[in-house]
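There are 2 protein chains.
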Amino acid sequence: MYSVSVTAPVNIATLKYWGKRDSVLNLPTNSSISVTLSQDDLKTTTTVSCSDSESYSVDQLYLNGKLESLESLRSQKCLGELRKYRSEMEAKDGSLPRISEWPLRIVSVNNFPTAAGLASSAAGYAAMVYGIARLYRLPLDRSELSKIARQGSGSACRSLYGGFVAWEMGSKKDGTDSRAVQIADVGHWPGIRAAILVVSASKKEVPSTGGMQLTVGSSDLFEYRVKNVVPPRYKEMEQSIIKKNFEKFAELTMRDSNSFHAVCLDSYPPIFYMNDTSKRIVKLINELNKSQGRNVAAYTFDAGPNAVIYYEEKDEHLVLGVLNEFFGHLPGWDKKRSINYSLPDRFPIDLFNKDIFSQGVSSVILTGIGEGPKETQEVLKMP
Amino acid sequence: MYSVSVTAPVNIATLKYWGKRDSVLNLPTNSSISVTLSQDDLKTTTTVSCSDSESYSVDQLYLNGKLESLESLRSQKCLGELRKYRSEMEAKDGSLPRISEWPLRIVSVNNFPTAAGLASSAAGYAAMVYGIARLYRLPLDRSELSKIARQGSGSACRSLYGGFVAWEMGSKKDGTDSRAVQIADVGHWPGIRAAILVVSASKKEVPSTGGMQLTVGSSDLFEYRVKNVVPPRYKEMEQSIIKKNFEKFAELTMRDSNSFHAVCLDSYPPIFYMNDTSKRIVKLINELNKSQGRNVAAYTFDAGPNAVIYYEEKDEHLVLGVLNEFFGHLPGWDKKRSINYSLPDRFPIDLFNKDIFSQGVSSVILTGIGEGPKETQEVLKMP
Numbered sequence: 009m010y011s012v013s014v015t016a017p018v019n020i021a022t023l024k025y026w027g028k029r030d031s032v033l034n035l036p037t038n039s040s041i042s043v044t045l046s047q048d049d050l051k052t053t054t055t056v057s058c059s060d061s062e063s064y065s066v067d068q069l070y071l072n073g074k075l076e077s078l079e080s081l082r083s084q085k086c087l088g089e090l091r092k093y094r095s096e097m098e099a100k101d102g103s104l105p106r107i108s109e110w111p112l113r114i115v116s117v118n119n120f121p122t123a124a125g126l127a128s129s130a131a132g133y134a135a136m137v138y139g140i141a142r143l144y145r146l147p148l149d150r151s152e153l154s155k156i157a158r159q160g161s162g163s164a165c166r167s168l169y170g171g172f173v174a175w176e177m178g179s180k181k182d183g184t185d186s187r188a189v190q191i192a193d194v195g196h197w198p199g200i201r202a203a204i205l206v207v208s209a210s211k212k213e214v215p216s217t218g219g220m221q222l223t224v225g226s227s228d229l230f231e232y233r234v235k236n237v238v239p240p241r242y243k244e245m246e247q248s249i250i251k252k253n254f255e256k257f258a259e260l261t262m263r264d265s266n267s268f269h270a271v272c273l274d275s276y277p278p279i280f281y282m283n284d285t286s287k288r289i290v291k292l293i294n295e296l297n298k299s300q301g302r303n304v305a306a307y308t309f310d311a312g313p314n315a316v317i318y319y320e321e322k323d324e325h326l327v328l329g330v331l332n333e334f335f336g337h338l339p340g341w342d343k344k345r346s347i348n349y350s351l352p353d354r355f356p357i358d359l360f361n362k363d364i365f366s367q368g369v370s371s372v373i374l375t376g377i378g379e380g381p382k383e384t385q386e387v388l389k390m391p
Numbered sequence: 009m010y011s012v013s014v015t016a017p018v019n020i021a022t023l024k025y026w027g028k029r030d031s032v033l034n035l036p037t038n039s040s041i042s043v044t045l046s047q048d049d050l051k052t053t054t055t056v057s058c059s060d061s062e063s064y065s066v067d068q069l070y071l072n073g074k075l076e077s078l079e080s081l082r083s084q085k086c087l088g089e090l091r092k093y094r095s096e097m098e099a100k101d102g103s104l105p106r107i108s109e110w111p112l113r114i115v116s117v118n119n120f121p122t123a124a125g126l127a128s129s130a131a132g133y134a135a136m137v138y139g140i141a142r143l144y145r146l147p148l149d150r151s152e153l154s155k156i157a158r159q160g161s162g163s164a165c166r167s168l169y170g171g172f173v174a175w176e177m178g179s180k181k182d183g184t185d186s187r188a189v190q191i192a193d194v195g196h197w198p199g200i201r202a203a204i205l206v207v208s209a210s211k212k213e214v215p216s217t218g219g220m221q222l223t224v225g226s227s228d229l230f231e232y233r234v235k236n237v238v239p240p241r242y243k244e245m246e247q248s249i250i251k252k253n254f255e256k257f258a259e260l261t262m263r264d265s266n267s268f269h270a271v272c273l274d275s276y277p278p279i280f281y282m283n284d285t286s287k288r289i290v291k292l293i294n295e296l297n298k299s300q301g302r303n304v305a306a307y308t309f310d311a312g313p314n315a316v317i318y319y320e321e322k323d324e325h326l327v328l329g330v331l332n333e334f335f336g337h338l339p340g341w342d343k344k345r346s347i348n349y350s351l352p353d354r355f356p357i358d359l360f361n362k363d364i365f366s367q368g369v370s371s372v373i374l375t376g377i378g379e380g381p382k383e384t385q386e387v388l389k390m391p
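Taken in order, these protein sequences are the chains called A and B. If you read the first sequence in the working numbering, its first letter stands for residue 9, the second for the next number, and so on. If you read the second sequence in the working numbering, its first letter stands for residue 9, the second for the next number, and so on.
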């Protein structure tokens, strides 16, 4: 019996992935960029093991304590590719144990709510692929592994790296150049912080895959976004990261969130992921930025109503000063309880009815930029 | 003393006007199409008079019982142009009384809430321009008058006609070819009905003029909408009206509403006019259409959360069957109180939590397609 345990992070895109040009290979219609979030606060832990003992009769996945199917084409493609690499190694080197033929057991837990728009599938597939690759001792770098994880869940490919990560869409039909690369590691710009405002922990109304293909097939504005808006924005965002220009990075992040939700709304029938609570959060951030005469914070929304607010550590007193005013009573402030926040100077608090603006958010997660998948000593047992 | 009284209708665009290429002349970035609504339910009544008596010392406007300013550039341009035409007539024909020099008194009332996204300024400027033109006996057709009303409020130009109306954007710099024309009169397709769901009667958060210029200046998708999406849609919508093809007319109307709100959302900072109540109405209409296997109703949203639902009279039992289920307890059903509505066959009522879906709408206005401005015997007195 062989076993390895790993952890993998969540990533939240600042330049959004929305639309597949090939939905079997999970090839996107545009390149995207994300920030990997700290595993101190959000992570998937996965123990993968394989054995030829009787208790390992078939491949099994236990997710958050429940036996889940591995029958989906997506899971099968990940497992199949990893096994193929291993069996090729075994064929070349007769001294290697032939574990590629053994059943796998994957035990995985998230320390955050699943499928609530918090990119749990990204962390989950990244952990599974990274874990099996370590178990099999595959000589593949993270970019190679990202191509396998991509076939499980598109955005999972970006969770193979820490820091700032790009998913290069590639141009080949077989997808071999559609992979994640690191734009900059955590050490390049360690002061990037993220505050997640959890608006709803219920399951998504419109799942991402169905939603994005509805947009691809019906939005009149979508193709223009993909061909004309995203490519120059990608380069600008990459530069803003390299130059640590938060003002620009924030503007591009907010603009791209808006653009993504705009093409969702332009779908037929329209898709709405942001709700009235999301919009109130947009207004809070806009007014904070206006009051300071610069972008101290950037909102971004994925395929759900939750907000992720990026900011720099040096401005934490400003951003958390506002968030604490409205959401300070909610779970998630433990690490900051001792700090006495106050509203930033010039913040136009009179514009906001506090009763209304405090509504709809259920918890807060205060985190920051973080590292990619890594091995861990923690071993998860079958439930 | 000379006096004329007129009434003018509201119009609700099915192909939206959003964006000015010249904000002094109110020249739009795209042509638009609207349905004129029946004055039985929504109208502005305006009495215009002029006199050289002492009580008429300056031009005055009384709107809904309150003295309002006529100082705005927009009002001044309308009054100035009408006076210029009159004074040219007077110069040519010495027998005409020189009333162009006399102060004007304009007394105007709406029978619906002002500035709640119900196009009150369109009806108001149309009534004022049409009324003064009648007072002055100007030999100008409605299309000529539409160019004057356009300078007061862009969409007012479409309220000069009944039925289905296009505002041709024109190409001339001086705006002399930017005017309303009638696509078809009421008699062509009299069975078009409209149900207005009034979501909020408060003033708009983002006024249209500021909102549209923010979109023009900041949305990456806007120019594509204007240049590539609207022109073919305009032709298709015009054809759908001429052919009385409701299926197509409804699809184009919903798509264009989505597209307009998408470019609002794509603005920086984003503009949101639809709220969670608006989105629930979209879902009701989508599910109604799906359940019937055809478009029996089309939603459209202007620069506010109110919904306008267009449908054909022959499908009234289906559309009002659904609306009555959720909004039957609200004001606005008087004319239909005697009818026993029931939910349409196959409508998936289980998808809707009635408590939630009934929220947020304050009243209903059941109306239909109607005629353009006309003279009336009703005389409004100065309050």
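For glycine and all other residues, C-beta sits at the position ideal for the given N, C-alpha and C. Small disclaimer: the values here were computed from a predicted structure and weren't measured.
Bridge partner(s) assigned by DSSP for residue i
i	result
Thr-52 of chain B	B:Ala-16 and B:Asn-118
Arg-439 of chain B	Residue 439 of chain B lies beyond the residue range present for chain B, which begins at 9 and ends at 391; the question has no answer from this structure.
Ser-42 of chain A	A:Ala-21 and A:Val-173
Asp-30 of chain A	A:Leu-35
Gln-190 of chain B	B:Val-173
Cys-58 of chain B	B:Tyr-10 and B:Leu-112
Length of the line joining the Cα atoms of residue i and residue j
i	j	result
Ala-135 of chain B	Lys-51 of chain B	9 Å
Val-56 of chain A	Ser-13 of chain A	6 Å
Asn-118 of chain B	Val-224 of chain A	44 Å
Ser-218 of chain A	Ala-21 of chain B	The question names Ser, but residue 218 of chain A is Gly in the sequence shown. In a straight line, the C-alpha of Gly-218 of chain A is about 31 Å away from that of Ala-21 of chain B.
Gly-27 of chain B	Ser-161 of chain B	13 Å
Val-234 of chain A	Ser-128 of chain B	38 Å
Ala-123 of chain B	Cys-272 of chain B	Because Ala-123 of chain B sits at a pLDDT of 46, beneath the cut-off of 50, its placement in the model cannot be relied upon, and the following sentence gives the value as read from the coordinates. Answer to the nearest angstrom: the Cα atoms are 19 Å apart.
Gly-102 of chain A	Tyr-138 of chain A	24 Å
Val-189 of chain B	Tyr-169 of chain B	8 Å
Lys-181 of chain B	Arg-241 of chain B	24 Å
His-468 of chain B	Ala-311 of chain A	For chain B, the structure presents residues 9 to 391; residue 468 of chain B sits outside this window and is missing.
Trp-341 of chain B	Asn-348 of chain B	12 Å
Lys-85 of chain B	Gln-159 of chain B	7 Å
Arg-201 of chain B	Val-214 of chain A	32 Å
Arg-106 of chain B	Glu-98 of chain B	6 Å
Glu-383 of chain B	Thr-44 of chain B	17 Å
Glu-321 of chain A	Leu-90 of chain A	39 Å
Lys-256 of chain B	Ile-250 of chain B	11 Å
Leu-35 of chain B	Glu-152 of chain A	55 Å
Gly-376 of chain A	Leu-338 of chain A	19 Å
Rounded Cβ spacing between residue i and residue j (contact assumed at less than 8 Å)
i	j	result
Ser-154 of chain B	Pro-17 of chain B	The pair is not a contact, with the Cβ atoms about 13 Å apart (cut-off 8 Å).
Pro-352 of chain A	Gln-385 of chain A	Contact flag wrong, Cβ pair sits at about 42 Å.
Val-238 of chain B	Leu-23 of chain B	7 Å
Val-372 of chain B	Ala-258 of chain B	Actually they are not in contact, since the Cβ atoms of Val-372 of chain B and Ala-258 of chain B sit about 20 Å apart, beyond 8 Å.
Pro-313 of chain B	Ser-226 of chain B	Not confirmed; about 22 Å, so no contact.
Val-330 of chain B	Phe-355 of chain B	6 Å
Proximity below 9 Å, CB of residue i to CB of residue j
i	j	result
Ser-116 of chain B	Asn-72 of chain B	yes
Ser-275 of chain A	Thr-308 of chain A	no
Ser-83 of chain B	Arg-94 of chain B	no
Val-369 of chain A	Leu-205 of chain A	yes
Asp-323 of chain A	Val-304 of chain A	yes
Ile-41 of chain B	Trp-197 of chain B	no
Phe-365 of chain A	Leu-296 of chain A	no
Gly-380 of chain A	Asp-48 of chain A	no
Ile-317 of chain A	Ile-357 of chain A	no
Ala-192 of chain B	Gly-171 of chain B	yes
Asp-67 of chain A	Arg-29 of chain A	no
Closer than 9 Å at the beta carbon, the chain E residues around residue i
i	result
Val-290 of chain A	Given the protein chain composition of this structure (A and B), no chain E is represented.
Heavy atom of the ligand HEM within 8 Å of residue i beta-carbon
i	result
Asp-310 of chain B	With respect to small molecules bound, the structure shown includes none, and the ligand HEM cannot be examined in it.
Please give me, in chain order, every unbroken run of the alpha helix (DSSP H) with length at least 4 that falls completely inside the stretch 290-363 of chain A. Runs found: 324-335.
Whole runs of the alpha helix (DSSP H) within the stretch 248-294 of chain B, excluding any shorter than 4 residues: With a minimum length of 4 residues, the continuous alpha helix (DSSP H) runs that stay inside the stretch 248-294 of chain B are 254-273.
Unbroken stretches of the alpha helix (DSSP H), 4 residues or longer, contained in the stretch 64-102 of chain A: Fully enclosed alpha helix (DSSP H) runs of 4 or longer: 81-100.
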